[in-house]
Each structure stands twice: as structure tokens, then as C-alpha cells.
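Engineer: I have a structure I would like to understand better, so I am pasting it below and will then ask my questions one at a time.
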């Protein structure tokens, strides 16, 4: 399968510690 | 569902994605007043879905905002008395395919409700007195009530108050 990689970008860096994952679903 | 952890710098990798049609979303462990500003796969808008064709690596960028719009208001019945209801803010256009683009609140017995972290855009607001959970994700169901929706435009950081008539 393919690899999907990337980045979550936000003006508020404090938010980044709250994220667990990025998910893909059909 | 396939997932990739997000590092504290915001990077993520999801492996083994087989050909098919996908939606992407972010999972978080603390309530965050955020919304997706943009989601692009190899530079192309992917908010309402995208297709993986083969094994080539793909690059995704998700930009989040924390200045979403807010909406509060009152639900009234057809006799202009307050009414409990399930209040649903339904996005317009192709975003209807994306369940996370909807906002749902339960109006209390005196009809008050609040919605926050709304992505800027055009919506319709519905208030059903009695509705099955997630029925509004069914396009056929929504078509029945389309004319009863109250059109609302939400801007970045805007706050608005509305009165909406309940659908019995």
C-alpha cells in the first residue's frame, strides 16, 4: 500500500500536544 | 481505519494505505476548540475525500484554526414557545459527505443551545424535536427537510445568536 505522510500545522503550538493521530477511513 | 500518531511537531505517517476512496480526520484526547482550515493531499483539496490509486507515497498537509465561529440561540415551536430539540448545523455542498463538518447540540427544555469551533462557511441550521441520531447524515432524509433549514454564514471568530423553529 501507499504511505501517506504529512504534517498538522496550527498557529497555536500548544494544540499539537493534544492530538493523538491522523486517521484514514473509507 | 488506518492511523498514524502525530508527533509534538505535528508530523505523522500512515503506512499500508490500499487503493480506495478515503476521508481523513484528526483524533485528539483533550477537547480543543479547533476546526480544519484546509486539508490538502499533494496540493489538492482533500477535505471532502480523496482517492489512493497505487503505492506512490503521498503528502498531506492539514492546517487547523482555533478561531472558529460560535453560534447560540433558542429553539421555538410553532406557537413561539421554547422547545427542547436536537440542533444540527449542516454544511452546504460537498462537505455534507464529511460527518465531522456537522455540528450538533441538544437544546435544553427552554430551548437554549450553543455551538462552538465552527469552521467558516455556509450552513443550514435544523432543530428536530424528535430525530434519530445521525439521521441527518442521510442525504435522502435531509432532502425531506431541506426547506426547513435556516441558512447561516459563519466567519472566522464570529459569534451569532439565532432563533430557529423546531421541526415537530
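Protein chains in written order, with my numbering: chain A, 281 to 306; chain B, 112 to 279.
Just so it is clear, CB atoms sit at the ideal spot from N, CA and C, and this is done for glycine as well.
Since the structure is predicted, the reported quantities are computational estimates derived from the model, not experimental observations.
With residue 255(B) as the anchor, note down where its alpha helix (DSSP H) starts and where it stops.
Structural biologist: 250 to 256
Engineer: Would you report the Cα separation of residue 187(B) and residue 164(B), rounded to the nearest angstrom?
Structural biologist: 49 Å
Engineer: For residue 148(B) versus residue 201(B), is the C-beta spacing smaller than 8 Å?
Structural biologist: no
Engineer: With a threshold of 8 Å between beta carbons, is residue 169(B) in contact with chain A?
Structural biologist: yes
Engineer: Which one or two residues does DSSP pair with residue 262(B) in a beta bridge?
Structural biologist: Answer is 235(B).
Engineer: Out of 217(B), 131(B), 129(B), 125(B), point me to the one whose CA is closest to residue 137(B)'s CA.
Structural biologist: With distances taken between Cα atoms, residue 137(B) lies closest to 125(B).
Engineer: I'd like the list of long-range same chain contacts for residue 256(B), defined as Cβ closer than 7 Å, with 5 residues on each side in sequence excluded.
Structural biologist: Listed in chain order, the non-local C-beta contacts of residue 256(B) below 7 Å within the same chain comprise 237, 278, local neighbours out to five positions each way being set aside.
Engineer: Going by Cα to Cα distance, which pick from 260(B), 156(B), 145(B) is closest to residue 170(B)?
Structural biologist: Out of 260(B), 156(B), 145(B), 156(B) has the C-alpha closest to the C-alpha of residue 170(B).
Engineer: Can you pull the DSSP bridge partners for residue 302(A)?
Structural biologist: 115(B), 137(B)
Engineer: Using a beta-carbon distance cut-off of less than 7 Å, what residues from the region 170 to 203 of chain B approach chain A?
Structural biologist: 170, 171, 172, 173, 174, 175, 177
Engineer: Roughly how many angstroms lie between the CA atoms of residue 223(B) and residue 182(B), to the nearest whole one?
Structural biologist: 11 Å
Engineer: When you compare the CB of residue 269(B) with every CB in chain A, is at least one pair closer than 8 Å?
Structural biologist: So, not an interface residue.
Engineer: Tell me, please, which residues DSSP counts as bridged to residue 290(A).
Structural biologist: Under DSSP, the beta-bridge partners assigned to residue 290(A) are 175(B).
Engineer: Are the Cβ atoms of residue 118(B) and residue 180(B) separated by less than 8 Å?
Structural biologist: no
Engineer: Which residue from 233(B), 114(B), 228(B) puts its Cα closest to that of residue 300(A)?
Structural biologist: 114(B)
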